[in-house]
Amino acid sequence: MTDPLPTSSPVGVIGAGTMGAGIAQVAAAAGHTVMLYDAAEGAAERGISHVAAGLEKLVARGRMDAGARDALLARIRPVDNIESLGGCALVVEAVVEKLEVKRDLFQALESICSNDAILASNTSSLSITAIGASMSRPGRLVGMHFFNPAPIMKLVEIVSGLDTEPGIAARVSDTAAAWGKHAVHARSTPGFIVNRVARPFYGEALRLLEERVADIAVIDRVVRDAGGFRMGPFELMDLIGIDVNYAVSCSVYDAYYQDPRFIPSLEQKERVDGGRLGRKSGRGFYDYGEGAAPARAEPASAGAPPESIIAGPLPGFAAPLLERIAAAGIHVHTDEEAEGVIRLPGAVLGVTDGRTATRRAVEDLHANLVVCDLCLDYAATPGIAVAASMNASPTALDEVIALLGAAGIAAYPVADTPGLLVMRLVSMLVNEACEAVLAGVCDARGVDTAMRSGVNYPRGPLAWADAIGADTVLTVLNHLQQGYGSDRYRPSLLLQQHVYASRPFHEQAH
Ligand code: NAI
């Protein structure tokens, strides 16, 4: 049974900046009276003006009527002293990200608010246990981590420190749900869920760039088109701010005692040092200056496809690829002996298993091997990355590109690298999701909800593992670990357990 705060209970918000103003809007939209306090003179009024400007756009687009806007705005009241929050049932803090400032604030709130008031922090990186350490009743302190922009992003991480009372976390979670948010419980650990589990999305893309596997525009395009992600890693880092993203990477890396999984990238540091911070500075991974040529990723041009191919059983998740080839009028002869690959007249095509094409060609005795990447949906993907073995004939790749082209799939040739692009990113996201669940940061459902509604991933990492098989992911990670000889790619124990037990992460894949 859910037990949200009744809308008749006033809510306090401290800090009227980017996040505080947005949180005030969310609570007011749900029907609460909101007291908005900021230490800087005039900041609360400016925060409300910012909310009003946002609502004005909704009214102009016909998505909100003027009456509802006026009623919402009337519920947000600027107050000029913290004592005015005394009657609030819930106070959400969104001030500067400094431990000492937040500690002092909550200590002050303890004497201002009633005993049953709930106190919440929107901190994105500080420990809830540390913030509450100087409180006399830290059990009523909980993290309520909204994402930017708060009125739009669905996720709220409900973060419990060592002292947080479970009933308080449950109440805040129910309240966030009543405010239309997806609330996910998290244990207070560095990066909570999203800022931790998302690290490989950036980190592995940066590794690919470091190794010059492909241009940034190609990596972004493949991750979007084949992976189904709304934005590629480099355009997303440019949007977030490379300095902000780099700072989070460094703080998570240090917080986990320099675990190689989180090593930050020199590709980012070099840009931060040079002031190329992304969109906000006019240049980051891409150039946003006037007259800058747009960076385009052009697929390889395709020649005439073969009339027929011989196909062994492909991994189940890639089977639609064969259906598309057959639908293009190419004869598909099936042959059990061609297990896992498609034989063309002058090439062999397989879906990456985390080995380079060069290694696999030698180990599996395939002349002219080309590997292709993972796709979110092979039945609909507009593009895919491909890489040829170093020993393949120069025409092998052309044949594969022509075959894929005939099936309506644009091929992007990249350097021969373990796991290619999407398979590598997804496998590492799955691994990090497993580590978070293993460490009790959240449960399997929570991590998937968090990544879908916090960063708009097309599918939760663990649902992705279920879709392609945890064994596929384990094999890829083992091969990455062997290829690089690095602990960065060590497979999570939880992933291994699911493979041994043949147990999906979700009973019903979603
Ligand atoms: P901001 O700089 O836009 O706003 C902070 C506001 O707090 C300012 O208006 C400032 O005057 C006020 N303030 C500072 N000290 C105060 C005090 N002692 N008492 C009352 N008001 C005080 O900052 P932003 O971006 O809104 O971040 C606020 C919090 O939210 C931080 O803890 C941050 O880590 C977290 N956060 C930020 C996100 C973002 O994307 N900006 C996303 C999620 C969390």
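Going left to right, the sequence shown walks through residues 1 to 510 as the working numbering numbers them.
Glycine is no exception: its CB is placed at the ideal position from the N, C-alpha and C atoms.
Within a Cβ cutoff of 7 Å, which residues of the same chain sit near Phe147, ignoring the five residues on either side of it in sequence? Met153, Leu155, Gly454
Pick from Ala255, Ile48, Ser8: whose alpha carbon is nearest that of Thr18? Ile48
For my contact list, Asp420 and Ala387 are in at a C-beta cut-off of 8 Å; report their separation, rounded to the angstrom. The sequence given here has Leu at residue 420, not Asp. Indeed they touch by this definition, with Cβ atoms about 6 Å apart.
Given the structure, does Asn431 come close to the ligand NAI, in the sense that its CB is under 6 Å from one of the ligand's heavy atoms? no
Going by alpha carbons, who is nearest to Ala198 out of Asp220, Val252, Pro151? With respect to the C-alpha of Ala198, the residue from Asp220, Val252, Pro151 having the closest C-alpha is Val252.
Using 6 Å as the cut-off, classify the Cβ of Ala43 as near or not near the heavy atoms of the ligand NAI, replying yes or no. yes
Could you tell me which whole alpha helix (DSSP H) segments of length 4 or greater appear in the region 456-481? Secondary structure remark: continuous alpha helix (DSSP H) runs of at least 4 residues inside the region 456-481, in chain order: 461-468.
Between the C-alpha atoms of Gln502 and Arg187, what's the straight-line distance to the nearest angstrom? Checking the sequence, you will find Ser at residue 502 rather than Gln. Going from the Cα of Ser502 to the Cα of Arg187 covers about 28 Å.
If I measure Cβ to Cβ from Ala509 and keep anything under 8 Å in the same chain, skipping five residues before and after, which residues do I get? Only weak support exists for where Ala509 lies, its pLDDT of 46 falling under 50; the coordinates are left without a value.
Express the C-alpha separation of Gly440 and Val34 in angstroms, rounding to a whole number. 34 Å
Extract the residue ranges of the alpha helix (DSSP H) inside the region 48-78, only unbroken runs of 4 or more that lie entirely within it. 66-75
Looking at C-beta atoms only, is the number of pairs between the region 74-94 and the region 44-63 that lie closer than 8 Å three or more? yes
Report back the beta-carbon spacing between Ala347 and Ala406 to the nearest angstrom; my notes put them in contact at under 8 Å. Going by Cβ atoms, the distance from Ala347 to Ala406 rounds to 14 Å, so no, they are not a contact pair.
Looking at C-beta atoms only, is the number of pairs between the region 169-177 and the region 228-242 that lie closer than 8 Å three or more? no
Please look up how many angstroms separate the CB atoms of Val422 and Leu374, rounded, as I've assumed it's under 8 Å. 4 Å
Just to confirm, does Gly17 get its C-beta within under 6 Å of one of the non-hydrogen atoms of the ligand NAI? Distances from the CB of Gly17 to the heavy atoms of the ligand NAI include at least one below 6 Å.
I need the boundaries of the alpha helix (DSSP H) containing Ser427, first residue and last residue. Annotation: the continuous alpha helix (DSSP H) that includes Ser427 extends over 422-438.
Quick one: Cα of Leu126 to Cα of His32, how far? 27 Å
Can you list, in chain order, the residues of its chain whose CB lies under 8 Å from that of Met1, leaving out five sequence neighbours each side? With a pLDDT of only 49 at Met1, under the threshold of 50, the placement of this residue in the model should not be trusted, and no figure is reported.
In terms of residues, what are the limits of the beta strand (DSSP E) holding His145? 141-146
Would you tell me roughly how many angstroms separate the C-alpha atoms of Val59 and Gly67, rounded to the nearest one? 10 Å
8 Å CB neighbourhood of Ser308 in its chain, flanking five on each side removed: Ile330, His331, Val332, His333
Minimum C-alpha distance to Ala16 - residue among Asn122, Leu403, Leu5: Of Asn122, Leu403, Leu5, the residue nearest in Cα terms is Asn122.
For Leu480 and Pro166, the rounded distance between their alpha carbons: 40 Å
Would you report the Cα separation of Val11 and Leu90, rounded to the nearest angstrom? 5 Å
Can the beta-carbon of Val222 be found closer than 7 Å to that of Ala385? In this structure, Ala385 lies closer than 7 Å to Val222 by Cβ.
Backbone secondary structure at Ile14 - three-state DSSP: Under the three-state reduction of DSSP output, Ile14 falls in the strand class.
Does the contact criterion of 3 or more C-beta pairs under 8 Å hold for the region 309-320 versus the region 278-296? no
Between the alpha carbons of Leu36 and Ile14, how many angstroms are there, rounded? 6 Å
Beta-carbon proximity check, Ala470 vs His506, cutoff 7 Å: no
Do you know how far the Cα of Gly278 is from the Cα of His182? 30 Å
Proximity test, Ala176 beta-carbon vs the ligand NAI heavy atom, cut-off 6 Å: Flag unset: Cβ of Ala176 not near the ligand NAI.
Are Thr175 and Pro6 close, meaning C-beta to C-beta below 7 Å? no
Near the ligand NAI: Ala120 beta-carbon under 6 Å from a heavy atom: Not so, every heavy atom of the ligand NAI lies at least 6 Å from the Cβ.
Quick check on Glu97: does DSSP put it in helix, strand or coil? coil
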